[in-house]
Amino acid sequence: MAAGKIMNGYLCANGWEETLSRELSAAGVGEHFHSPAAGLVVGESHTSGLRYEPIFARQWLPSCIAVKGTSLTELIQALGAALDPVLDSNPLPWTMHCCTPDFYSEDSTHYEFLSGRAALLHEKFIQRMAKYRKRTLEKYQNWETIDEKRPCFIVQAVLTDTDCLWVSTSRRFKTETGRFVPFMRSLIPGSIPHDSQAPCRSYYKLEEAWQQAGIFPRKGDVCIDLGAAPGGWTWAALKRGARVVAVDFAELKPHVENHPHCEHSIDNGYAFMPARPADWMFCDMIVRPMATLGLLERWLEHKACRKFVVNVKFRGKEPETILTAIEELRHKHQLTKLIIKHLYYDRNEITLIGGL
Numbered sequence: 011m012a013a014g015k016i017m018n019g020y021l022c023a024n025g026w027e028e029t030l031s032r033e034l035s036a037a038g039v040g041e042h043f044h045s046p047a048a049g050l051v052v053g054e055s056h057t058s059g060l061r062y063e064p065i066f067a068r069q070w071l072p073s074c075i076a077v078k079g080t081s082l083t084e085l086i087q088a089l090g091a092a093l094d095p096v097l098d099s100n101p102l103p104w105t106m107h108c109c110t111p112d113f114y115s116e117d118s119t120h121y122e123f124l125s126g127r128a129a130l131l132h133e134k135f136i137q138r139m140a141k142y143r144k145r146t147l148e149k150y151q152n153w154e155t156i157d158e159k160r161p162c163f164i165v166q167a168v169l170t171d172t173d174c175l176w177v178s179t180s181r182r183f184k185t186e187t188g189r190f191v192p193f194m195r196s197l198i199p200g201s202i203p204h205d206s207q208a209p210c211r212s213y214y215k216l217e218e219a220w221q222q223a224g225i226f227p228r229k230g231d232v233c234i235d236l237g238a239a240p241g242g243w244t245w246a247a248l249k250r251g252a253r254v255v256a257v258d259f260a261e262l263k264p265h266v267e268n269h270p271h272c273e274h275s276i277d278n279g280y281a282f283m284p285a286r287p288a289d290w291m292f293c294d295m296i297v298r299p300m301a302t303l304g305l306l307e308r309w310l311e312h313k314a315c316r317k318f319v320v321n322v323k324f325r326g327k328e329p330e331t332i333l334t335a336i337e338e339l340r341h342k343h344q345l346t347k348l349i350i351k352h353l354y355y356d357r358n359e360i361t362l363i364g365g366l
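Positions in the sequence shown are counted from 1; adding 10 to them yields our numbering.
Right, dumping it as structure tokens:
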């Protein structure tokens, strides 16, 4: 490895490793990006490169190394050898998250055979610390209960095979968008609470978009949901006290249709334009990606909304042309706070969250 560089890792959805590697290389944040295991990309970069927020990454693994052991006992010993010097000298409370890479992929079974081993490894490692590193263990706080707002040191142990573990140690730091990474439990993809009344799966997509951006509709906000049926995104906004104009020729679920703050406009979502600016515009329509971006541009030109969440769908796993068009839109309309993410609930699509 070149002098002054460290190995950094990123976790992504299974099958998107090459897309993420190309994105990181094109952004100039490092080199030699490759995927040693499904859902994991690693490469060499300067520390400053970590401030870049990749579209296709779902978690950061700063300063990561591979640790190996032919048995669970050997793996824990090797993990201890790697972590003891770091944790002994660390003055902050520390926490640990053990998982497999597909913890960040919806409905993945790629690492199903390792899920129990990851939990066992965490349990046995803490037992080992209690025996050999009692003073260091005094600073340990459980991942599920640690105060995310206070400074802490994060250990991530990502099991990629029975004998291989990728280990990352770091404090949290700010990305270029001002978000703190590595993500802790409140921003872990897939952490949206289940809603038995959600009309469809896309409900979780919008909730995650708001969660990732840290902005949400307020009570009384006016939202326009283009292509709303069966009402997943409309329902998410209604739950937060917003008033929603749901635009679609198709039917909404009855409990959405009959909500007192829902107005069902039986119209073409692609062509719809409100008489006065809305607080939010939502769009999750199945149309060509450039058509979706064209729709967004019309709304921006008319200043028809203050904020928006737009889902852009595409085929394959080479969205570079689409990303170029999005960057042109960003610069043209000065969308300085635009967030572009391949969400946990996204498939062949990316989600744009932004505003004027």
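By construction, the Cβ of each residue, glycine as well, lies at the ideal position given by its N, Cα and C atoms.
- Within the same chain, and ignoring the five residues on either side of glycine 40 in sequence, the residues whose Cβ sits closer than 8 Å to its Cβ are Lys15, Asn18, Leu34, Gly53, Glu54, Ser55, His56 and Gly59.
- With a 10 Å radius around the Cβ and a threshold of 16 neighbouring Cβ atoms, isoleucine 360 comes out buried.
- By the C-beta density criterion, proline 161 is exposed, having fewer than 16 other C-beta atoms within 10 angstroms.
- The beta carbons of alanine 238 and alanine 256 sit about 4 Å from each other, so the pair counts as a contact at 8 Å.
- For glutamate 273, the pairing in a beta bridge is given by DSSP as Val255.
- Sequence-distant Cβ neighbours of tryptophan 220 in its own chain, meaning closer than 6 Å and more than five residues away, are Phe226.
- Per DSSP, the unbroken beta strand (DSSP E) holding histidine 42 starts and ends at 41-47.
- Rounded to whole angstroms, the gap between the alpha carbons of methionine 283 and leucine 93 is 57 Å.
- Bounds of any alpha helix (DSSP H) do not take in methionine 194, whose DSSP letter is neither H nor E.
- Beta-bridge analysis with DSSP links phenylalanine 292 to Asp235 and Val319.
- Aspartate 356 sits in coil when the DSSP states are folded into three classes, being neither helix nor strand.
- Check the Cα spacing between arginine 253 and each of Ala288, Thr146, Arg340 and Cys108: the tightest is with Ala288.
- For arginine 181, the closest alpha carbon among the candidates Thr105, Asp277 and Tyr355 is that of Thr105.
- Residue environment analysis places glutamate 133 among the exposed positions, since fewer than 16 neighbouring C-beta atoms fall within 10 angstroms of its C-beta.
- A straight line joining the alpha-carbon of valine 168 with that of leucine 353 spans about 20 Å.
- From the listed residues Ala48, Gln151, Arg143 and Ile234, the smallest Cα separation to histidine 107 is found for Gln151.
- Looking from the CA of valine 165, the closest CA among Lys149, Ala260 and Thr172 belongs to Lys149.
- The beta carbon of isoleucine 296 lies closer than 7 Å to those of Lys323 in the same chain, with the five residues before and after it left out.
- Rounded to whole angstroms, methionine 300 and glycine 79 show a C-alpha spacing of 49 Å.
- Within the stretch 52-104, the complete alpha helix (DSSP H) runs of at least 4 residues fall at 82-98.
- In this structure alanine 129 is exposed. Its beta-carbon is surrounded by fewer than 16 other beta-carbon atoms within 10 angstroms.
- Going by beta carbons, tryptophan 290 and cysteine 233 fall inside the 8 Å limit.
- In the DSSP assignment, the residues bridged to valine 168 are Cys109 and Trp176.
- Excluding sequence positions up to five before and after tyrosine 280, its CB lies within less than 8 Å of the CB of Leu236, Gly237, Met295, Val297, Ala301 and Leu305, all in the same chain and listed in chain order.
- Taking the Cα positions, asparagine 278 is about 21 Å away from lysine 317.
- The way I'd put it, the stretch 256-267 doesn't touch the stretch 193-202; fewer than three beta-carbon pairs between them come closer than 8 Å.
- Assignment of beta-bridge partners to threonine 361 by DSSP yields Asn321 and Lys351.
- Closest option to leucine 82, judged by alpha-carbon separation, among Leu131, Gly126, Leu97 and Pro103: Leu131.
- As far as DSSP is concerned, methionine 139 takes part in no beta bridge.
- Just measuring C-alpha positions, the residue of Lys347, Glu330, Thr346 and His343 sitting nearest alanine 37 is Glu330.
- Nearest Cα to alanine 67 within the set Leu216, Val51 and Ser73: Val51.
- In the DSSP assignment, methionine 17 forms a beta bridge with Glu54.
- Under the DSSP assignment, lysine 342 falls in the alpha helix (DSSP H) whose first and last residues are 330-342.
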